[in-house]
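So, in structure tokens, the structure goes:
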């Protein structure tokens with residue numbers, strides 16, 4: 376692809392966590408010095424911290440009104456820049472409003488990137504404020520094709536693009552041959568992720584699944600102590616393993632290669648594409664306020680669902696999948712290929728590279 380030599384792509388983020396490393400590297404590999412990244416130290420949720428190994432220009436996040444809003448004063452100075460500016464589609468960031476309005480007046484190109492709708496959905500009352508923000512942008516990049524179609528219907532004259540959220544390069548994906556038998560959870564250990572429910576439900580299903588099945592829990596967060604206490608009090612350290620946060624791809628690949636299924640006991644997040652990238656299907660809680668990545672989840676193809684908060688339904692799902700080991704193991708290559716085609720960091724990065732050429 377021929378890239379613009381006289382204009383830079385500038386992305387401003389609240390935080391750049393380690394799971395974004397592959398995406399930002401893909402942009403840097405494609406654009407070189409034509410890519411600039413600004414970021415603060417941590418997100419509204421402090422458990423989401425910036426990775427110091429991701430090259431970026433530091434900007435201070437000043438949180439206001441008990442962290443309901445924030446402003447990044449340092450980035451306001453680039454308000455008149457001729458470069459292509461990409462901002463988070465988040466009405467809680469005051470400096471983004473200043474940049475959007477100022478650059479609209481100055482005739483500068485500004486792109487918004489993020490969730491098309493509020494967390495409560497497209498019919499949420501707070502979407503009116505989000506919609507005002509969307510109207511100020513030259514174009515909008517959302518996380519899924521479904522959101523792209525929905526938002527295009529609402530804003531038929533606006534340029535809406537989809538850059539499906541991804542964690543892995545195509546070269547990092549692939550199913551490992553073998554006979555996996557364990558379960559794995561990867562994500563933050565928070566109340567909304569319901570990892571304690573998973574540990575309890577798993578322990579109550581021991582009599583219905585092979586007695587050597589173990590549960591790997593990868594992540595960190597506020598629920599860690601409660602999980603540790605549950606495991607110790609019930610003598611489960613030989614079946615449930617708290618492994619902490621892991622960002623080493625080789626180690627993650629090893630864990631996934633030994634895992635028959637991953638589990639999302641709460642809402643599905645970005646880790647679903649990681650699981651699918653390694654060819655591992657997922658057991659998913661049905662009635663959650665899922666992140667947009669739920670678009671990748673296909674019942675009976677790469678996932679099975681259980682009734683939300685039901686230990687009985689979760690146990691039934693385990694009985695089901697462990698009764699069909701050959702079937703689900705045979706799907707692993709297909710699951711990985713689907714993810715490589717639709718959810719790679721290369722595909723995600725190309726959307727932004729094309730934007731730079733379009734608006735140079």
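In my numbering, the protein residues as written are 376 to 735. Glycine included, C-beta positions come from ideal geometry on N, C-alpha and C. This one's a predicted model, so the numbers in the text were calculated from it and none came from an experiment.
- Within the stretch 525 to 600, the beta strand (DSSP E) runs of at least 3 residues that lie entirely inside it are, in chain order, 534 to 537, 557 to 561 and 590 to 593.
- Under the three-state reduction of DSSP output, residue 388 falls in the strand class.
- The alpha-carbon of residue 584 is positioned some 39 Å away from that of residue 426.
- Here residue 433 carries a strand assignment [DSSP, helix/strand/coil].
- Considering only 441, 492 and 456, the residue with the shortest C-alpha distance to residue 466 is 492.
- For residue 488, the enclosing beta strand (DSSP E) has its first and last residue at 485 to 488.
- Using a 10 angstroms sphere on the CB of residue 561, the tally of other CB atoms reaches 16 or more, which defines it as buried.
- In the pairwise beta carbon analysis, the stretch 590 to 598 is classified as not touching the stretch 654 to 668: fewer than three pairs are separated by under 8 Å.
- In the DSSP assignment, residue 657 is bridged to 637 and 678.
- Distances from the CA of residue 489 to each of 546, 462 and 556 were compared; the closest alpha carbon is that of 462.
- It is roughly 18 Å from the alpha-carbon of residue 601 to the alpha-carbon of residue 639.
- At a Cβ-Cβ threshold of 8 Å, residue 543 and residue 720 count as neighbours.
- Listed in chain order, the alpha helix (DSSP H) runs fully inside the stretch 598 to 634 are 599 to 608 and 624 to 632, counting runs of at least 4 residues.
- Taken atom to atom, the span from the alpha-carbon of residue 644 to that of residue 516 is near 18 Å.
- Within the same chain, 578 come within 7 Å of residue 609 by CB-CB distance, once the 5 residues on both sides are set aside.
- The beta carbon of residue 383 lies closer than 6 Å to those of 409, 411 and 458 in the same chain, with the five residues before and after it left out.
- Here residue 654 is not near residue 692, since their CB atoms are 8 Å or more apart.
- The shortest CA-to-CA distance from residue 549 to any of 430, 636, 564 and 652 is the one to 652.
- Counting only residues of its own chain and dropping the five nearest sequence neighbours on each side, residue 714 has a CB closer than 7 Å to the CB of 548, 648, 651 and 652.
- Between the stretch 473 to 487 and the stretch 444 to 454, the count of C-beta pairs closer than 8 Å reaches three or more; the two stretches touch.
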